[in-house]
Structure formats: structure tokens, C-alpha cells
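Engineer:
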Amino acid sequence: MLPLCKCVSDGNMSLLSPDLLSKHARLTETIEPLVRALLHDAGIPFLAVTGRTKTLESAEQKIQDKKYSNPELQLMDLTGIRIILYVESDVTRAVELMRTAFRVDDENSVDKDKSLSVKEAGYRSVHLICDIGRARARLKEYASFGQLKFEIQVRTVLQHAWAELEHDKNYKFQGGLPEDMQRQLYLYAGSLELADRGLDRLAREIDEYVDRLRKKSEAGDLSSSIDAVSLHEFIDRWTQDNGIQLEEARPSNRAMPHLLKELEALGIRTLNDLSDAIPVDYVKKFKADSDHRETNIYGLVRDWLIIKDPYTLSRIVDWSISASDVAWLSQFMSEDDEIFVYRNFDVQPPYDPRDHE
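In terms of our numbering, the sequence shown opens at residue 1 and continues consecutively.
(1) What are the boundary residues of the beta strand (DSSP E) that residue 348 is part of?
(2) Taking just the CA atoms, how far does residue 295 sit from residue 282?
(3) Pull up the distance between the alpha-carbon of residue 269 and that of residue 330, whole angstroms please.
(4) Does the region 271 to 286 come within contact of the region 251 to 262, defined as at least 3 CB pairs closer than 8 angstroms?
(5) Any idea which residues DSSP pairs residue 268 with across the strands?
(6) To which residues does DSSP link residue 46 through a beta bridge?
(7) Who does residue 131 pair with in a DSSP beta bridge?
(8) Using three-state DSSP, classify residue 318 as helix, strand or coil.
(9) Give the secondary structure of residue 74 by DSSP, where H, G and I count as helix, E and B as strand, and everything else as coil.
(10) Label residue 16 either buried or exposed according to how many other C-beta atoms from any shown protein chain fall within 10 Å of its C-beta, with 16 as the threshold for buried.
(11) Restricting to Cα atoms, I'd like to know which of 302, 349, 248 is closest to residue 264.
(12) Sorted by chain position, which residues of the same chain lie with C-beta nearer than 6 angstroms to residue 146's C-beta, five sequence neighbours on each side aside?
(13) May I ask you to verify whether the region 21 to 37 touches the region 46 to 53, counting CB pairs closer than 8 angstroms and requiring at least 3?
(14) How far does the beta strand (DSSP E) with residue 152 in it reach, from first residue to last?
(15) What did DSSP end up calling residue 52 once you bin it into helix, strand or coil?
(16) Have a look at 207, 221, 186, 76 and flag the residue whose alpha-carbon is nearest the alpha-carbon of residue 104.
(17) With DSSP as the reference, label residue 337 as helix, strand or coil.
(18) Count the other C-beta atoms from every protein chain shown that fall within 10 angstroms of the C-beta of residue 188, then say buried if there are 16 or more, exposed otherwise.
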């Protein structure tokens, strides 16, 4: 048993071991990256995983507020881990994952969503009270944490936004809001809950759509219309089948709509149309030139579009192309097409007619 020290504040006596918070600080530093790794290995996407250890002042305040008589046992959130996910269905997956990774104290854990009545809307989050479990406690690196409990909060982005808003003193009155404002607050909370469920449903529908596309592709059916999802699925499978590694494209809200517009302009509306646009020797020559391997989905598809119809494409593009890339693409084009590209695209460095005399 750790030695205890007496902390007196406002006439209330609380008990905390001298090194309890320092042990929890080490626990936080251990559990946070572990939770991050568990989510990553399970394929559960997350916005953030954060950890914090309560300060002495915060811990003592809670001891006073809750009138704890044995805080070393009753304080279960000195270490707190917060997992912020994108959709509700991933909350369920993450909670089950945490239950397999740690030993959960169900008596002290709570699902805030289930604790709301059917007429209520508000703070929603799953709070799990855990310890590292017997198996981990036997490992040397976890041995000192065997008796310590910690809290894991699991919530969606929208649930997190509401929690931050609700707990920020700038957005509430300590004594309660006026009735009309309180009603508005609950209406907005309900709207966030509907949005959360709608986004979750949409995410599942997208997953089902991707699964249907994958099955059609495996069956050799390329009749699907081209959109962002079907294009990514086609390119993923094409690169895998041909042993080609693409760079990851930088996230952009404009890039994919522009690429889809270019495909439409060239009459490429289905995956079969796109497949037909790929030059016969493209894979062989791509692999033979190590320099040209460094491209992403946008560069790859635009290679095919330039080769197919540089004339139509030149009227709608807003991007530049390197002179070395044009030189590489010239092996698939006539000399007239190559010169047209140099003269009508934003080629860097600029076109010099003397290079083609």
C-alpha cells in the first residue's frame, strides 16, 4: 500500500499518496500510444487520441465535490484517454476493442447516450473505467500500473464538439439558461445527434457501394459509371494487378472534381471507357522508367488523357506538366501531338521551338 499524505482544503480532508499523480503521468504516457496503436492495427480511423493526467488542484477539487473518503480507490479518472472518431459505428468497434485490450469496470463505466431519456438530447459519449488487466500486469513494463484505474472516453467528432461547447463556461450560465434558450440548446443537440446518425448511415452505404464495385471488378464487369469512389477502386485494383506503386495524393477538395470533369470532357464515362484509354504498352514502359514511377492517381490518369486526346484536354486544364513528363509521354504520341502539348499546355520549363527544329 502506498504511503498516504493528508491534504486539507476548505476544511475538507482528502487523502492522496505522494507519488500517485506521478505514477498516473507515466501511465498516461504509456496508455495513449498503446490505444493509438490498437486502433491503427484494427483499421479504425480516428481524428485524435489524446491523454491527460489530472493536476493536483483538479484532483483535490473533485475529492471535495464528491466527498470521497478513500480517493485513491474512488478517483478513477486521474489518467484520462479520449478517442475521437468520425462515425457512430466506429464508436461501437472502438469500445469493443478497448474491452478486449483492457479489463473494464462495468459498474463504474457509463454510456452517456443510453443514460439520456427518450425526451432528452445532450452530451453523448462512452466512458470506460479500465485497468491494464492481469495479462499486461505480468509484463515488466506494465508491472507498476497493475492497481491503477484510468478512464477512456470514446466519442464522435460531433459528440466532441457538443461536449466542448457544453462545458465551455463562455457558452452557459452557471445557474441554468432561460427556458427559451434551453429549448434551443436541446433542439441543436438533437440536430447534431441526427447528423451523427445520418453520417454513420452514409458511411455504411459508401462501404457497401465500394464492396459492390469490388465484386463487379473481380468479375470483370467495368460497366460502372465513373465517380470518385469507383475511380479510386479501379486505380487501386489496376495498380495492384500490375505491380505499380503510386504516391499518396495530397488531400484536396478541388483535385478530384477537376479530374472527373476532364474525364467527362473526353467522353470517358465508365470504367470500361477508362480501361480502353490505357495505352497497350503503358505498364511495360512505366516500369522500365524508374523516374516516371513517382506519380499519384491524378498524374497517372492524366497521362492517359493526354495520350488519348491532348486537343480537347488543353481547353479545360488548369495544371502544369514538366517537360520531362512530356518527353516521356511522347513515346505514345505522334510528333504533331507532342509539339501541340508543348505549345498549348503549361509545360515547365517553357517550350523552346528550337528543340524541335
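Ideal Cβ positions, reconstructed from N, Cα and C, are used throughout, including at glycine.
Structural biologist: In brief:
(1) First-last of the beta strand (DSSP E) with residue 348: 346 to 348.
(2) Answer to the nearest angstrom: the Cα atoms are 14 angstroms apart.
(3) Residue 269 and residue 330 have their alpha carbons spaced roughly 25 angstroms apart.
(4) With a cut-off of 8 angstroms, the region 251 to 262 and the region 271 to 286 do not count as touching, because too few Cβ pairs lie within range.
(5) Beta-bridge partners of residue 268 (DSSP): none assigned.
(6) In DSSP, residue 46 forms a bridge with 85.
(7) According to the DSSP secondary-structure assignment, residue 131 is paired through a beta bridge with 103.
(8) Residue state, collapsed to three classes: coil.
(9) Residue 74 falls in the helix class under three-state DSSP.
(10) Residue 16 is buried by the Cβ-count criterion.
(11) It is 302 whose Cα lies nearest to the Cα of residue 264.
(12) These residues qualify, in order along the chain: 137.
(13) Contact between the region 21 to 37 and the region 46 to 53 is present, because at least three Cβ pairs lie under 8 angstroms.
(14) 150 to 156 is the span of the beta strand (DSSP E), which, as asked, contains residue 152.
(15) It is a strand residue.
(16) Nearest C-alpha to residue 104: 76.
(17) Correct three-state label for residue 337: helix.
(18) Burial check for residue 188: the Cβ neighbour count within 10 Å stays below 16, so the residue is exposed.
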